[in-house]
Amino acid sequence: MNSPEWRSALTADEQRKVRELVSAATDFDGVAPVGEQVLRELGHDRTEHLLVTGGHPGPIDGYLNLSPPRDGGAGMAEMVVHPQARRRGIGAAMGRAAVAKTAGRNQFWAHGTLEPARATASALGLVAVRELVQMRRSLRDAGDPVPPVSGVQIRTYQGTSDDAELLRVNNAAFAYHPEQGGWTEADLAERRSEPWFDPAGLFLAFGAPDGDEAGKLLGFHWTKVHLDRPGLGEVYVVGVDPAAQGRRLGQTLTAVGIQYLAGRLSGSAEPTVMLYVESDNVAAVRTYQRLGFTTYSVDTAYAPG
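Adding 9 to a residue's 1-based position in the sequence shown gives its number in the working numbering.
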């Protein structure tokens, strides 16, 4: 095994090899080893990239993406080791390099909390500090039409004229959230440029025109159809303005999006919708359970103990 090497940016060839590595691990494990944001960062220099190769030229045996600490918080690392290169200490070596890089101020995502990830965490003396639950339900029966909410008008995204309100509500709703909070116009534009983005699947709840909240965005539901996984849709983001909470807007917006996804995926053999929710967000978990969701898998964030 070659020593891990840090890169501030990846070449086009390295990006291709990392994507091949991620694909190989996904096929082997049945779960993607890194989140979509990591794949988005491959072509940028906003994060640090750690590579382990078996020799040059050749495939990449291990990759770690490190989002550095900011605003006093912890950095976040996500890593992947090729199935044929496991049990050689590559994961532990990359983990130690990341801890050294941030002086211990970072966490590690383990998607699916698989045995190899648990073993690496144990070897590094890491402890679980956060759990993200993936929940799923069938779209075969999406339920009855969603009744309107008094004083609220729901419509779909109409373009950049909606962006200011969308960013305001997103950043208010997720002020505490390390990934979803603090979005800028650039973050929004980047996601709009994704091949799966469809304005017809972004639902916005505004105050009714004849009410005191006319023109004010109260909440939104951003849905996603996974182009690489036929029949799978996602409750991508549901956000409600803190000032509008307590009116079951989140549940209503979620139900509206689920019905939309059911229609989009009606021709699939097994139409399914998924979502992610923090395990300690008990209220949200209960809301999704009422909507028919059950736990599918758990992602765990580990940190130095």
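Note that beta-carbon positions come from the ideal geometry of N, C-alpha and C, so glycine has one too. Keep in mind that this is a model prediction, so the values were computed, not measured.
The segment 296-306 makes no contact with the segment 129-138: fewer than 3 CB pairs, one atom from each, lie closer than 8 Å. Assigned with DSSP and collapsed to three states, Val-43 falls in coil, not helix or strand.
In the DSSP secondary-structure assignment, Asn-179 is not bridged to any residue. Residues Glu-87, Trp-118, His-120 of the same chain have their beta carbon placed closer than 8 Å to that of Gly-44, with the five preceding and five following residues left out of the count.
The Cβ-Cβ distance between Pro-92 and Leu-59 does not fall below 7 Å.
Contact between Leu-262 and Val-247 holds: their C-beta atoms lie close to 6 Å from each other, under 8 Å.
Residue nearest to Tyr-311 within the set Ile-99, Leu-19, Gly-84, Thr-56 is Gly-84 (criterion: CA-CA distance). The continuous alpha helix (DSSP H) containing Glu-199 extends over residues 194-201. Ala-137 carries a strand assignment under DSSP once its states are collapsed to helix, strand and coil. The beta carbon of Arg-273 sits closer than 7 Å to those of Val-234, Gly-242, all from its chain and outside the five residues before and after it, given in chain order.
Apart from sequence neighbours up to five positions away, the residues of its chain that approach Glu-279 with a beta-carbon distance below 7 Å are Gly-240, ordered along the chain. Between the segment 120-131 and the segment 150-165, the count of Cβ pairs shorter than 8 Å is below three; the stretches do not touch. Between Val-249 and Gly-228 the beta-carbon gap is near 4 Å, inside 8 Å, which marks them as a contact.
Setting aside the 5 residues that flank it on each side, Ala-33 is surrounded in the same chain by His-91, Pro-92, each with a C-beta closer than 7 Å to its C-beta; the list follows chain order. Shortest Cα-Cα distance from Arg-238 to any of Gly-39, Asp-207, Tyr-185, Ala-112 involves Gly-39. Its chain contains Pro-92 as the residues whose beta carbon lies nearer than 8 Å to that of Phe-37, once the 5 sequence neighbours on both sides are disregarded; these appear in chain order.
By the Cβ test, the segment 250-270 is in contact with the segment 203-222, since at least three Cβ pairs between them sit closer than 8 Å. At a Cβ-Cβ threshold of 7 Å, Gln-24 and Leu-48 do not count as neighbours. Fully contained in the segment 211-270 are the following beta strand (DSSP E) runs of length 3 or more, in chain order: 211-216, 226-234, 241-249.
For Ser-147, DSSP records a beta bridge to Thr-281.
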